[in-house]
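Numbering (the numbering used here), first residue to last: 18 to 548.
Just so it is clear, CB atoms sit at the ideal spot from N, CA and C, and this is done for glycine as well.
Each remark here refers to the structure printed beneath this line.
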Ligand code: MSP
């Protein structure tokens, strides 16, 4: 997209899965980024959805004794309702069983066929149903065979000439036309591309699997589920984005600025998807960002491991915004991190309840007790450096945020919150307030300390809104501001980084402290969940 547009996607999640913290993680990050760009005046298109074809879905539906479509119609709601609870502001939700998506997939497949990028050849090999993939690594085959997780398959197959694009793909990655992030992932893909690239089987015979999009040039085959799924990033633009004319292209929104994914699906995105786009004559996504995994007691959280943490339980216990904050703050985006309830409670109590909540309640209690006005005035030497530091922190925050360095970005805001708390401890405004009738200097310092704290809290509320939309709106209003943070625009909005002019009100605790002893250990609760 151009300067004023921003197109971001999450993977489309397997409809069969019960949504867990890993899925929530990607979606929360994409949501925070979307809100961030909207506040900076960009026209954002944020897409998420569900991946609904393939053997696993067919098997699960038949096990439940319902049709595949009914199964998908019911299960995709698990994702939709979690996204609503998590306050996800996606602009569209795509389902690969949408008739418009299927039509578009067929159009793309027909074009690949017409342009000579697809050929037919028999294929035999070991197929993993759980991954919907042929396994080629001999060691992996042996171990999967032992576990009964692969089956031997010989069938007519349609192949996409992926190998033809190897050089072009390497050049696109090296020149950063296709920006793979973080750099370690870029190197991983370049390493992978050091080996000759094979062609990609893009069909499954209907005799084995009928739950998929029919190949328009070979109606006894359906499209390999990954090709069907990846195409969602383009097909959605044709029917789920009302602002975009439905012409022959995918409109001005393509290419995506960011495909946000977990590192488990880096190859499918960086190699399969990009080469399909090349064959279709479409521009490549500007960036693919592969983040790390949430592990649980050291193991990747996944349904098959039976160790998933249900975000719904975490929301019930801790609220939406503390969870959103925790996942973005806890580990650098791109690295793995282990989930633990103790770490979550610690973050809530120290960062949110103490650093931010106490500062907010001190200011609102004191100022509201005086009628709620922040007294305007200039900063003196007593607070000038704190304000200057806050402006620096805000600049650093924006830069880091834009690069998906959420954790580092958030830390910078907390530097300022800590500085404001220290100022309060050092100046003891509750004492100054008692002395102000006799001592005008004490009164002036009191006003300045309240004003400086309110400026920092107001700026923090606006900056942190993309991460904690609901709580920051509450903080914003308690500081006397009116209007929705969602509608605030950085360019040209004079209220940003200024002192509140409305009436400060005393509110309930912004982030109640969690009694660590009363929290169930999510180890037990999670272990009891049926993925
Ligand atoms: N359906 C495919 C994606 C097709 S995209 C065209 C798929 N779905 S999935 O349901 O398995 O979701 C995978 C994504 O969920 C990961 O890429 C990642 O974004 C997120 N996560 C799943 N487990 C995760 C963790 N344990 N930790 C962090 N994120 C993980 O693959």
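Original post:
Which stretch, first to last residue, makes up the beta strand (DSSP E) that contains residue 98?
Top reply: Premise fails: residue 98 lies in the alpha helix (DSSP H), 85-102, not in any beta strand (DSSP E).
Original post:
Looking at C-alpha atoms only, which residue of 298, 125, 171, 239 is the closest neighbour of residue 182?
Top reply: 298
**OP:** Could you check which residue in 42, 33, 38, 46 has the C-alpha nearest to that of residue 25?
**Re:** 46
**OP:** Name the residue from 149, 286, 216, 465 whose alpha carbon lies nearest to the alpha carbon of residue 552.
**Re:** The structure shown has nothing for residue 552, since the chain only spans 18 to 548.
**OP:** Tell me whether residue 462 counts as near the ligand MSP, meaning its Cβ is closer than 6 Å to at least one heavy atom of that ligand.
**Re:** no
**OP:** Can you check DSSP and say which residues form a bridge with residue 235?
**Re:** 232
Subject >> CA-to-CA distance, residue 102 to residue 118, given in whole angstroms >> reply: 26 Å
Original post:
Tell me which same chain residues have a C-beta within less than 6 Å of the C-beta of residue 310, skipping the five on either side of it?
Top reply: 317, 353
Original post:
Expressed to the nearest angstrom, what Euclidean distance is found between the alpha-carbon atoms of residue 33 and residue 313?
Top reply: 21 Å
Original post:
Mapping DSSP to helix, strand and coil, what is residue 440?
Top reply: helix
**OP:** Taking only the alpha-carbon atoms, compute the straight-line gap between residue 485 and residue 75 and give it to the nearest angstrom.
**Re:** 38 Å
Subject >> Cross-strand partners of residue 336 (DSSP beta bridge) >> reply: None, per the DSSP bridge assignment.
Original post:
Would a C-beta distance cut-off of 7 Å place residue 198 and residue 306 closer than the cut-off?
Top reply: yes
Original post:
Opposite residue 316 in the DSSP bridges: which residues?
Top reply: 313
Subject >> Contacting residues, own chain, Cβ-Cβ under 7 Å from residue 468 (five flanking each side not counted) >> reply: 391, 392, 394, 516
Original post:
Exposed or buried, residue 136, counting other C-beta atoms within 10 Å across all chains shown (16 or more means buried)?
Top reply: exposed
Original post:
Is it true that the CB of residue 27 sits closer than 7 Å to the CB of residue 44?
Top reply: yes
**OP:** Go ahead and pull the three-state DSSP assignment for residue 420.
**Re:** coil
Subject >> Collapsed DSSP secondary structure at residue 22 in the structure displayed >> reply: strand
Original post:
For residue 447, does the count of other Cβ atoms within 10 angstroms reach 16, so buried, or fall short, so exposed?
Top reply: exposed
Original post:
Which of the three DSSP states, helix, strand or coil, is assigned to residue 66?
Top reply: strand
**OP:** List the whole-angstrom C-beta distance separating residue 345 from residue 78, where the pair is believed to meet the contact cut-off of C-beta under 8 Å.
**Re:** 35 Å between Cβ atoms; not a contact.
Subject >> Limits of the unbroken beta strand (DSSP E) element including residue 528 >> reply: Segment: none, residue 528 is in no beta strand (DSSP E) and carries neither H nor E.
Subject >> Span separating the alpha-carbon of residue 321 from that of residue 108 >> reply: 31 Å
Original post:
Distance, Cα to Cα, residue 544 vs residue 385?
Top reply: Confidence at residue 544 is low in this model, with a pLDDT of 42, below 50, so its placement is unreliable and no value can be given for it.
Original post:
Any heavy atom of the ligand MSP within a distance shorter than 6 Å of the CB on residue 289?
Top reply: no
Original post:
From 39, 72, 287, 296, pick the residue whose C-alpha is nearest to that of residue 191; which is it?
Top reply: 287
Original post:
Pairing CB atoms from the stretch 84-99 with CB atoms from the stretch 264-284, are three or more of them under 8 Å?
Top reply: no
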